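Undergrad: Start counting the sequence shown at 326; every next residue gets the next number (my numbering). Virtual Cβ for every residue (Gly too), placed ideally from N, Cα, C. Please read these numbers as outputs of a predicted model, since none were measured by experiment.
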Amino acid sequence: MSDLFYVTSPIYYVNDVPHIGHAYSTILCDALARNARLRGAEVFFLTGTDEHGQKIEQAAKARNETPKAYADKIGGEFKKLWDDFDISYNRFIRTTDSDHELGVQKAFEIMRANGDIYKGEFEGQYCVSCETFWNESQLLEGGACPDCGKPTELLKEENYFFRTSAYQDRLLAWYASDESLILPKSRRNEVIRFVENGLEDLSVTRTTFEWGIKLPKSANDPKHVIYVWLDALMNYVTALGWGTDEHNMRFWSNATHVIGKDILRFHAIYWPAFLMSLNLPLPKRIAAHGWWTRDGAKMSKSKGNAISPREVADAYGLESFRYFMLRDVPFGQDGDFAEKALIDRVNSDLANDLGNLLNRLLGMADRYFAFNVAAADLPCFDEEKKQIDAIAATLDPLFEAMQMHRYLEELWKIFAIGNKAVNDFKPWEKMKTGASDQVAELLVFMANLLLKGALALSPIMPKSCDLIAKSLGVTIDAPTRRSLIDRAEWIASFTLAAQPPLFARIDAPRLTEIPTNAEEKANLITIDEFKKVELKIGSVIEAKRVEHSAKLLLLRVDLGEDVPRQIVAGVGEFYAPEAIEGTQVCVVSNLKPAKLMGFESRGMVLAIEDKNGLRLARPETATANGAPIK
Ligand code: MSP
Numbered sequence: 326m327s328d329l330f331y332v333t334s335p336i337y338y339v340n341d342v343p344h345i346g347h348a349y350s351t352i353l354c355d356a357l358a359r360n361a362r363l364r365g366a367e368v369f370f371l372t373g374t375d376e377h378g379q380k381i382e383q384a385a386k387a388r389n390e391t392p393k394a395y396a397d398k399i400g401g402e403f404k405k406l407w408d409d410f411d412i413s414y415n416r417f418i419r420t421t422d423s424d425h426e427l428g429v430q431k432a433f434e435i436m437r438a439n440g441d442i443y444k445g446e447f448e449g450q451y452c453v454s455c456e457t458f459w460n461e462s463q464l465l466e467g468g469a470c471p472d473c474g475k476p477t478e479l480l481k482e483e484n485y486f487f488r489t490s491a492y493q494d495r496l497l498a499w500y501a502s503d504e505s506l507i508l509p510k511s512r513r514n515e516v517i518r519f520v521e522n523g524l525e526d527l528s529v530t531r532t533t534f535e536w537g538i539k540l541p542k543s544a545n546d547p548k549h550v551i552y553v554w555l556d557a558l559m560n561y562v563t564a565l566g567w568g569t570d571e572h573n574m575r576f577w578s579n580a581t582h583v584i585g586k587d588i589l590r591f592h593a594i595y596w597p598a599f600l601m602s603l604n605l606p607l608p609k610r611i612a613a614h615g616w617w618t619r620d621g622a623k624m625s626k627s628k629g630n631a632i633s634p635r636e637v638a639d640a641y642g643l644e645s646f647r648y649f650m651l652r653d654v655p656f657g658q659d660g661d662f663a664e665k666a667l668i669d670r671v672n673s674d675l676a677n678d679l680g681n682l683l684n685r686l687l688g689m690a691d692r693y694f695a696f697n698v699a700a701a702d703l704p705c706f707d708e709e710k711k712q713i714d715a716i717a718a719t720l721d722p723l724f725e726a727m728q729m730h731r732y733l734e735e736l737w738k739i740f741a742i743g744n745k746a747v748n749d750f751k752p753w754e755k756m757k758t759g760a761s762d763q764v765a766e767l768l769v770f771m772a773n774l775l776l777k778g779a780l781a782l783s784p785i786m787p788k789s790c791d792l793i794a795k796s797l798g799v800t801i802d803a804p805t806r807r808s809l810i811d812r813a814e815w816i817a818s819f820t821l822a823a824q825p826p827l828f829a830r831i832d833a834p835r836l837t838e839i840p841t842n843a844e845e846k847a848n849l850i851t852i853d854e855f856k857k858v859e860l861k862i863g864s865v866i867e868a869k870r871v872e873h874s875a876k877l878l879l880l881r882v883d884l885g886e887d888v889p890r891q892i893v894a895g896v897g898e899f900y901a902p903e904a905i906e907g908t909q910v911c912v913v914s915n916l917k918p919a920k921l922m923g924f925e926s927r928g929m930v931l932a933i934e935d936k937n938g939l940r941l942a943r944p945e946t947a948t949a950n951g952a953p954i955k
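1. Rounded to whole angstroms, what is the Cα-Cα separation between A498 and V913?
2. When you compare the CB positions of T533 and E571, do they come within less than 8 Å of one another, or not?
3. Check for me: the alpha helix (DSSP H) holding I381 runs from which residue to which?
4. By Cβ distance below 6 Å, which residues in the same chain neighbour E766 in space, the five residues on each side in sequence not counted?
5. For the ligand MSP, is there a heavy atom less than 7 Å away from the beta-carbon of Y337?
6. May I ask whether a heavy atom of the ligand MSP can be found less than 7 Å away from the beta carbon of H377?
7. Could you say which of L860, A638, E903 lies nearest to L880 if we only look at CA atoms?
8. Rounded to the nearest angstrom, what separates L385 and F330 at their Cα positions?
9. Kindly indicate which residue of P392, A491, W815 has the alpha-carbon position closest to the one of G440.
10. Out of M436, T805, E461, which one is the CA nearest neighbour of G365?
11. Confirm, please, whether the CB-CB distance from F696 to L667 is below 8 Å.
12. Apart from the five residues on each side of it in sequence, which residues of its chain come closer than 6 Å, Cβ to Cβ, to Y338?
13. Go ahead and pull the three-state DSSP assignment for W616.
14. Is it true that the CB of G951 sits closer than 8 Å to the CB of L884?
15. A701 CB to nearest chain D CB: under 8 Å?
16. For G642 and N684, what's the separation of their Cα atoms in angstroms?
17. Using DSSP with H/G/I as helix, E/B as strand and the rest coil, what is E525?
18. Locate the beta strand (DSSP E) running through Y485, then write down its first and last residues.
19. Which ranges does the alpha helix (DSSP H) cover as unbroken runs of at least 4 residues, wholly within the region 763-834, from first to last along the chain?
20. Would DSSP call C455 helix, strand or coil?
21. For I852, count neighbouring C-beta atoms within 10 Å of its own C-beta (all shown protein chains included) and say buried if the count is 16 or more, exposed if not.
22. What did DSSP end up calling M929 once you bin it into helix, strand or coil?
23. Hey, how far is the Cα of R610 from the Cα of N579?
24. Measure the beta-carbon distance from S926 to I892 and round it to whole angstroms, keeping in mind my assumption that it falls under 8 Å.
25. In three-state terms, what does DSSP make of T581?
26. Which runs of the alpha helix (DSSP H) at least 4 residues long sit entirely within the region 695-742? Give them in chain order.
27. Using a Cβ-Cβ cutoff of less than 7 Å, which residues in the same chain neighbour A676 once the five nearest sequence positions on both sides are dropped?
28. Closer than 7 Å to a non-hydrogen atom of the ligand MSP - does that hold for the CB of Y648?
29. I'd like to check one pair, E434 with S957: are the Cβ atoms closer than 8 Å?
30. Since L508 contacts A638 with CB under 8 Å, what's their CB separation in whole angstroms?
31. Looking at the ligand MSP, does it come within less than 7 Å of W760, judged from the CB to the closest heavy atom?
32. I'd like to know if the region 619-636 and the region 594-605 are in contact, where contact means that at least 3 CB-CB pairs between them fall below 8 Å.
33. Quick one: any contact between the region 502-521 and the region 654-666, if contact means 3 or more CB pairs under 8 Å?
34. Starting from the C-beta of T820, find all residues in its chain whose C-beta is less than 7 Å away, skip the five residues before and the five after it, and write them out in chain order.
35. Buried or exposed, going by whether 16 or more other CB atoms sit within 10 Å of the CB of A741?
36. Can you pull the DSSP bridge partners for L921?
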């Protein structure tokens, strides 16, 4: 690792209060920053708020406030949350900070001077919510935004444009230069495909609202404000003093941007193009994480199901929350916040595997050795020690590749080795037979193991790991890490200290239930409930009327099984048997068999009902019998 490390979170829009998606981004960055510091790097960690743009202007207006007063309030909530969460940022930038505004104007000036910004006319569909223009082919039905689904509006303005198109080849060459530049790799491919399809120049000013950074004086065009994304992206360098006081710009040599998948295009295409235009080096890594849902549903303000990170941390403890978020979801994939999953993690991983191991060590150390344990270097646990050092050696690359869930999974193997060693060794029996030197050996082994584990876990659970280390009489710092993890050393003696259990078992959920209105609750089914219904395509090979019934037809339907099924269908008033024979239908194939007018029916044929009566639901084109409907 280079000696300098720069990590940035996205800067958050202030039109919404913080939810767990925001917390995830910030906690990921915090873990990266803490890990780099523990490895001896000099770190600059940036977070902050994105305060300009039409969306914020509108939100402020709706509350009868000035945009600045509104941004002060909500931006303040983000900052307070990160402070209460002990997020180890070095700067909390606001895009209304004067050094940032100056830097953005300077960037505009340079880009204009070198011919990358020019004036033109723009007409297009604009999504205010995403602050993005879309062309016709990208819009959803009815002109809705392909990202958020909200209606877009037609905007026609005289704008300044950035010549993104001029950077297509250089961007492609950049992506090709490093496979891990954009993580996860699947997203890197998406970006490459998008750029290969051709880039359009980007409109980088607006005249339809006022809440933004004005163009530099040299442009002499006071109607325009700078597009919020040009403004926002620049924060990554203005925060280091670019354009004003550049003394922190050295961190720019090793920059990692952590973002959500929805804003990858801005970071992987426009941002590097802006940097190229400014003749600045490019970031080393853009890591795009997935989205969090709650109990399988997208979180949103209107549904009222967004989860407050503060509420989760208050209910379960901040460090358990951090652990859960990083352990439960593979980086880059969407994650579901289910309270039960959080409880299971706390109980099994934290209370049981880790917490109990520490309690066992401290209990025995107290009981048998008055907390002072020293090993006589007996040939005990040599195999386990080798295994532990081998696991520890695999951890760093996983962290660097943003594979935190794998990192933690591997790390937990170390605790499992510890728990197994105690169970197999049965120290309580050894004490009875007077083999206390062997028991001391075990306890020294356990203390080393827990210390190595705590050193590796510390970036994710810093406070708990400090307490673990304290109870082992050691401090978590870069030299200890270097000795125990990098050089795989083992300490020969410890003076331990009592420590109340760190993780209590959780018996019942602690969060307030999601407020769904009663009607919605009654109608909603989960995807798992839906999946229970088996739907298949079948061909009607025979159809006849059921005697004395106008409604019922007796069908034999080929569902691709060995024997065709007999199904009674209530469509006789709308279809003659001969009109159905030889056609394809859609069938619920796992319905419990029932008898209708004396005939067994093993399935149900689907039909559509409206004011004209019933029509059969059918596949659009001829389809294999038995093909599933999903
Ligand atoms: N202001 C821009 C970012 C500018 S960076 C130069 C922005 N802000 S945001 O507040 O809308 O989103 C901030 C981050 O939160 C984004 O990375 C986004 O992906 C993330 N999340 C918002 N909702 C989320 C979830 N439900 N789950 C995970 N992260 C999500 O975009």
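TA: Considering the structure as presented:
1. 52 Å
2. no
3. 379-387
4. A700, L703, C705
5. yes
6. no
7. E903
8. For clarity, residue 385 is Ala in the given sequence; the question names Leu instead. Approximately 37 Å between the Cα atoms of the pair.
9. A491
10. T805
11. no
12. D375
13. coil
14. yes
15. Structure shown: chain D not included; a single protein chain is present.
16. 19 Å
17. coil
18. 478-487
19. 787-796, 803-806
20. coil
21. exposed
22. strand
23. 8 Å
24. 5 Å
25. strand
26. 707-725
27. F828, A829, R830
28. no
29. Any question about residue 957 goes unanswered here, given that the chain covers just 326 to 955.
30. Contact doesn't hold; Cβ gap of about 27 Å is too wide.
31. In the sequence as presented, Trp is not what sits at residue 760; that position holds Ala. No, the beta carbon of A760 sits no closer than 7 Å to any heavy atom of the ligand MSP.
32. no
33. yes
34. F696, N697, G798
35. exposed
36. F924
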